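Residue numbers (my numbering): 4 to 84.
Everything below concerns the one structure shown next.
Encoded structure:
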């Protein structure tokens, strides 16, 4: 019986051996406390600032990137960072 060959659906670059190195090519922030840049985040963390804040349920419910949450879940979230 001949050996069965399965074609690899991945593109050639994805099949080649990878070095394991990665490159971060972009980063952005929009965080509580007016933090709008990674440098500001690290400075706040180094200073020990508490970045938690009250998150209104409607703001959480309409936030970009947040899947639709059940009302019972929205009622549980009080603070975020």
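Beta carbons are placed, not taken as given, at the ideal position from N, Cα and C, and that holds for glycine.
Note that the structure is predicted; figures quoted are calculated from it, not measured.
Just to confirm my understanding: we take residue i, look at its own chain, exclude 5 residues before and 5 after, and list those with CB closer than 8 Å. What are they?
i	result
residue 38	32, 44, 47 and 54
Considering only C-alpha positions, which residue in the set the options is nearest to residue i?
i	options	result
residue 41	30, 61 and 59	30
residue 52	35, 23, 26 and 24	35
residue 61	27, 24 and 75	75
Identify whether residue i lies in helix, strand or coil by the three-state DSSP scheme.
i	result
residue 30	coil
Going straight from the alpha carbon of residue i to that of residue j, what length do you get?
i	j	result
residue 50	residue 27	25 Å
residue 25	residue 65	33 Å
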